[in-house]
Structure formats: structure tokens, C-alpha cells
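Participant:
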Amino acid sequence: MSEPRLCVTVTAPTTLELRRLRDEAAKVADLVELRLDSVRDPDVAGALADRRSPVIVTCRPEWEGGRFGGSEEERKRILADALAAGAEYVDVEWRSAFDDLIARQSGRRIILSMHDFDGVPADLAARFHAMKSTGAEVVKLAVQTHRLSDCVPLLECCARAREHNGVVLLGMGEHGLATRVLAARFGSLWTYAGTLRDIGQISAASLLDDFSFRHIRPSTELYGVVGRSVSHSVSPAMHNAAFRAVKRNAVYLPLPSPDADDFITFARAIGLKGASVTIPHKVALFDRLQAIDGNVDVTARRIGAINTIRIDDDGKWNATNTDAIGFLTPLRERLAIAGLRASVVGAGGAARAVAVALTSAGASVTLHARDSSKAHEVARETGARAGSWPPARESWDLLVNCTPLGMHPRLDETPIAAELLTGRYVYDLVYNPAVTRLAREAAAAGCETIGGLEMLVAQAEQQFKWWTGTDAPVGVMREAAMKQLAESARHENYVV
Ligand code: NAP
């Protein structure tokens, strides 16, 4: 099968604007989908005039998620006119009764489409075969995804469709991103890009630049970050930049997932090679991996949580936690840790990793949390002691913020009042913004400060090495993270 093409969908209120966007899209796209239903007064000849790229003409009715409110006769005439005018494809909804149009074309240049905005229908495979039997040149199935594992029936459909050419399989919504980026793996003739965010489309620039769409083959290794809300994670930018720099045939995606079982089902079906694990799955996946006889290393077991998974070719699952070493790396470059009085603020997942890292390195660690029972629990499990809230003046050499206070958008917050900042070093795990209120006030009080970006990069570099067996290219992940954080800040108008 040839490589999947990139189709950019364009919508506009006027034909003139649609044509302008069509020509803009054609600079990067192999195909442009002209959504005539978005135009106030659809004009086939005008939309097709002077085009330089192949097009799909679509006139989606309201009953299939589009905006065309006219009669079905009118709609059929628009599609027939598009065929007569030489459009490479027209998109005909399976539920429309345009059999005569399909028959007249003997299926040629017809995309027969089915969109299910509720979810994945139980009879997806039967629908696929029924649609294929009409003789349509291309069958397009688009289903709403609510979890990662909703992509699995599409993969199964792809396996059945192997003997047929001409299929496009799409998972709509953020959980379906893999179906768009990995069109090659799903056997799709093309993928759609554009601005229809509500159905999960991403821009052509993002597909091409962030996810290297042109280089993705069925054999491309898949990695990702699994968490509940990962669409703004910096990890895809860092890991994709590193894969690109070393020319590895791999891609890294945000993998939003409601729970551990959903993620495991998806990972097994698609042949995932590895994942970063983030909130709230670090503990749940730690437990699940032990239950499925995964190999959880000693660092992760001490912390009681994982942040990295690797799946070997024989299907064996392995897990570790690179937060501890990622945390220590920038610290070791600056000071000797043994004997240091360290106060860890917070008692969540990061605090556990930091407390384990510091106690292992010989520091004397005290945990401080607004809920003292949590401080006691984490202290007991990590070899630290629990202290008062907030930490007292003169009681620490190193203070580590493991709460989200100060993180965008809570820029004005800080976990520790300025007058309590009496020690030598303040390490803030928050990396967005790069300089938090805590860091500013600590520097003003004469402390040396360390920002969370250094840990973020160091733990990601460790993940890269654990997955690939080679060192991460120097500086690449840091640059990618800084670029993405600066872009987010520019969009939302704050200083990184
Ligand atoms: P978590 O498991 O949710 O824990 C957050 C901790 O902060 C909890 O102990 C929570 O206390 C406490 N907290 C929240 N709001 C507070 C407040 N207003 N006052 C006092 N304490 C408060 O989160 P996490 O995974 O540990 O992450 C914590 C922070 O570290 C996040 O900002 C995360 O982005 C950052 N982090 C950075 C890196 C890096 O590489 N730089 C790595 C991991 C984490 P309660 O339990 O009482 O709510």
C-alpha cells in the first residue's frame, strides 16, 4: 500500500474565502476537502475554479453533523455537479439515499462515509462490509472515541479491510489522535487535518512538524504520555524532537485515558513500545503492572509509583520511575547532598519521588503538608520524617516545592511565605512558568534557586535512554520544552 496522503479540510462562509483557503492548504496537502456545506451559498464551479490540487467535495447535511440545511435533492445536485466538473472525489453519506449517484459512477470517485457521533457502533465491521458492497471506491468510517480503547475496533476493522483497498478509518475526539497520526497503521488512504477541533482534527502544521506525518510507516514505533489530561503536555514536543534528532523511526503522542485498563487494552492492540505515565495513573498503573506480572524496578517500588513503561518485543511490560534521578541530576551538579537538611513541601506523587531520591542520596529529609496525616504517611513510606506546616525558619538547607502552587494559571500563589525563606537552596518542581513567585522571592531572599524545567528534561532524557538504549541528544529536549512553553505563554499572554 502506498503511504497515506494528507487531506486538509477547509470551511468558509463564502466561495471566495473557501478558494483562498483551498489554495493555502494545497501548499502542504495532497488533497483538499472543500466543505461546501459551510458556504452560505454553495457554488460548485466557483469552488473548483483554478484549483491546483485534487479535491474532495463534501456537502454534509445537518443530520450527519454538517451545516447544509437545504433539501436532499439540492444536495445531490451539488455532488453530481462536482463530479461532472471533475472533482477527484465526492463524499456521499451512507445514510443518504443517493444509490443512483453511486451506481451512475460505478462507485468511482465516491467516498461513502459514515459518522457516528455517539461512539463506536457494535456492528462496525458489518457496516464496513455493507458499505464496501456498494462498490464505492473509498469507504470512510468516523466514530466518536471516549477512551483510547475505542480505537481498537478500528484497528480490527483495518485488519479485516486489508484485502480491500480504499478505506479511511478515523476516531473522532482527542482519544482518537492515534488514528489520525498513524493513518499508515490503520490502513487509511489518507488522514484529515484542519480546524474542526470539536471532532479532534489537528492542523496540518502540527501533523507534519510535531508528529512527522510524512515519515510514519506501519512499522513506526509508537510511544506516548498517558494521563487523564495530556493535551498540553510538553512531553510530546521533547520526545518527538529527540526521535527526529537521532532519526529514529518513532513517534510520541498524547494518550489521554480515563483508567489503567483502558490504556493497557489500547497499548496491547496497537503494539505500543513505551509510555510516560502522569497524573492520575502513576499509582494505578504501578498496581496493574504488578498484577499482570510486569517487571517493576526497585526505584519505582520504593516510590510506590511509576512514570515510565517499556514494552519489550516479547510483550513483557517493564516499569521504572525516572522522577527520582531526574530530580537529583540538577542538584548533584550544584551541591553535595549527603548530610543536607531537606524540607519537602507537599505529599503527593512528586513528593514521594523526591523524598526517596533525597533519602537515598543521604540527605536528612522532612516532609511538610497541609494535611499532616498525609505528611506522616509519605514520610513513613519513604524513610523521611514528618514536620510542621509550614516549615519553620532556619530549619532547612534545601527546600523543595512539590505542590502545584505557582503553576500556570495560579501564578500569584506560593506555598511558603517570603519571610520563611531562610535556607541556601530552593528547588521548585513547577516548570510553567520557568520562574515562579516562589523562585523570585527565594532569589530576593538570597537563596540559590533551581527551576522544575531541569528535572522535567532530565527525567525525559532518562526515559529516552531506557527506551532506546542510547543517550538523548544533548540539549534537544530542553530546547523543545522551552519552545513549547514559550508558545503557550505567548498564546495565553503571560511571561514564562
Ligand atoms: P499531586 O500528587 O497532586 O500532589 C500535590 C500535592 O500538593 C499534594 O500533597 C497536595 O495536598 C498539595 N497541595 C495542593 N494544593 C495545595 C495548597 N493550596 N496548599 C498546600 N498544599 C497543596 O501532584 P504531583 O504529581 O505530586 O505534582 C506536584 C507538582 O510538581 C505539580 O506542579 C507538577 O507539575 C510538578 N512536577 C514537576 C515535575 C518536573 O519534572 N519538574 C515532575 C513531577 C511533578 P493535598 O493532598 O492536601 O491536596
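Quick note, in my numbering, the sequence shown goes up one by one and the last residue is 496. Using N, Cα and C, we set each Cβ at its ideal position, and we do this for glycine too. Just so we're clear, the structure is a prediction, and the values are computed from it rather than from any experiment.
Round the Cβ separation of Val167 and Val138 to the nearest angstrom and send it over; I've been treating them as touching at under 8 Å.
Facilitator: Confirmed, Cβ separation roughly 7 Å.
Participant: For the beta strand (DSSP E) containing Ser188, name the first residue and the last one.
Facilitator: First-last for Ser188: undefined, no H or E at that position.
Participant: Please look up how many angstroms separate the CB atoms of Asp37 and Arg60, rounded, as I've assumed it's under 8 Å.
Facilitator: Rounded, the Cβ-Cβ distance is 5 Å, consistent with contact.
Participant: In its own chain, which residues sit with a C-beta less than 6 Å from the C-beta of Ala184, not counting the 5 before and 5 after it?
Facilitator: Pro4, Ile216, Arg217 and Pro218
Participant: Please classify Thr11: is it buried, with 16 or more other beta-carbons within 10 angstroms of its beta-carbon, or exposed?
Facilitator: Buried: at least 16 other Cβ atoms inside 10 Å.
Participant: Go through the stretch 264 to 336 residue by residue and report every complete run of the beta strand (DSSP E) that reaches 3 residues or more, in order.
Facilitator: Within the stretch 264 to 336, the beta strand (DSSP E) runs of at least 3 residues that lie entirely inside it are, in chain order, 274 to 277, 308 to 311 and 317 to 320.
Participant: Could you give the DSSP three-state label for Met482: helix, strand or coil?
Facilitator: helix
Participant: What number of angstroms, rounded off, separates the C-alpha of Val39 from the C-alpha of Lys140?
Facilitator: 23 Å
Participant: Quick one: grab the DSSP three-state call for Asn401.
Facilitator: strand
Participant: Would you mind giving the Cβ-Cβ distance between Asn401 and Gly346, rounded to the nearest angstrom? I have them listed as a contact below 8 Å.
Facilitator: The C-beta distance from Asn401 to Gly346 rounds to 7 Å, short enough to fall under 8 Å.
Participant: Based on DSSP bridge pairs, tell me the residues matched to His368.
Facilitator: DSSP lists Val345 as partners of His368.
Participant: What does the Cβ neighbour count give for Ile202, buried or exposed, with the cut at 16 atoms within 10 Å?
Facilitator: buried
Participant: Restricting to Cα atoms, I'd like to know which of Ala205, Ala204 and Ser235 is closest to Arg478.
Facilitator: Nearest to Arg478 by C-alpha distance, out of Ala205, Ala204 and Ser235, is Ser235.
Participant: Using only CA atoms, which one of Leu177, Pro391, Val365 and Ala439 lies nearest to Asp412?
Facilitator: Ala439
Participant: Assign Phe327 to one of two classes, buried (16 or more other C-beta atoms within 10 Å of its C-beta) or exposed (fewer than that).
Facilitator: buried
Participant: What three-state label does DSSP hand Gln144 in the structure shown?
Facilitator: strand
Participant: Any heavy atom of ligand 1 closer than 7 Å to the Cβ of Thr320?
Facilitator: no
Participant: From Arg75 to Thr134, what does the alpha carbon distance come to, in whole angstroms?
Facilitator: 20 Å
Participant: List the endpoints of the continuous beta strand (DSSP E) containing Pro254.
Facilitator: Ala250 to Pro256
Participant: Which same chain residues, not among the five before or five after Arg334, have their C-beta less than 8 Å away from its C-beta?
Facilitator: In the same chain as Arg334, and ignoring 5 residues on each side of it, the C-beta atoms closer than 8 Å to its own belong to Tyr425, Glu448 and Ile450, in chain order.
Participant: How do the stretch 238 to 250 and the stretch 192 to 207 stand: do at least 3 beta-carbon pairs fall below 8 Å, yes or no?
Facilitator: Judged by Cβ distances under 8 Å, the stretch 238 to 250 makes no contact with the stretch 192 to 207, as fewer than three pairs qualify.
Participant: Report the option in Arg109, Glu72 and Arg104 whose CA atom is closest to the CA atom of Arg95.
Facilitator: Glu72
Participant: Grab me the residues of Met455's own chain with a C-beta within less than 7 Å of its C-beta, minus the 5 sequence neighbours each way, in chain order.
Facilitator: Gly326, Phe327, Pro330 and Leu429
Participant: Along the alpha helix (DSSP H) that carries Asp91, what are the first and last residues, could you check?
Facilitator: Annotation: Asp91 is outside any alpha helix (DSSP H); the continuous beta strand (DSSP E) that includes it extends over Tyr89 to Glu93.
Participant: Which residues bound the beta strand (DSSP E) around Ser113?
Facilitator: Ile110 to Asp116
Participant: Apart from the five residues on each side of it in sequence, which residues of its chain come closer than 7 Å, Cβ to Cβ, to Phe186?
Facilitator: Leu154, Leu155, Cys158, Leu169 and Thr179
Participant: Which residues does DSSP list as the beta-bridge partners of Met172?
Facilitator: Per DSSP, Gln144.
Participant: Is any non-hydrogen atom of ligand 1 found closer than 7 Å to the C-beta of Pro121, if you look at the structure I gave you?
Facilitator: Pro121 Cβ: outside cutoff for every heavy atom of ligand 1.
Participant: Quick check: Ala300 and Ala275, are their CB atoms within less than 8 Å of each other?
Facilitator: no
Participant: For Pro256, which option in Tyr223, Gly304 and Val378 has the closest C-alpha, if you only look at C-alpha atoms?
Facilitator: If we check each option's Cα against that of Pro256, Tyr223 comes out closest.
Participant: Using only alpha-carbon positions, find the residue among Arg410, Ala442 and Trp396 that is nearest to Ala417.
Facilitator: With distances taken between Cα atoms, Ala417 lies closest to Ala442.
Participant: Which whole-angstrom value describes the C-beta separation of Thr366 and Ala353, a residue pair presumed to lie in contact below a C-beta threshold of 8 Å?
Facilitator: About 16 Å separates the beta carbon of Thr366 from that of Ala353, a gap too long to meet the 8 Å contact definition.
Participant: Can you tell which of Asp43, Pro254, Ala26 and Pro121 has its C-alpha closest to the C-alpha of Leu16?
Facilitator: Asp43
Participant: Starting from Asp412, follow the alpha helix (DSSP H) in both directions and report where the run begins and ends.
Facilitator: Careful: Asp412 lies outside any alpha helix (DSSP H) and carries neither H nor E.
Participant: Using three-state DSSP, classify Arg22 as helix, strand or coil.
Facilitator: In the structure shown, Arg22 adopts helical secondary structure according to DSSP, grouped into three states.
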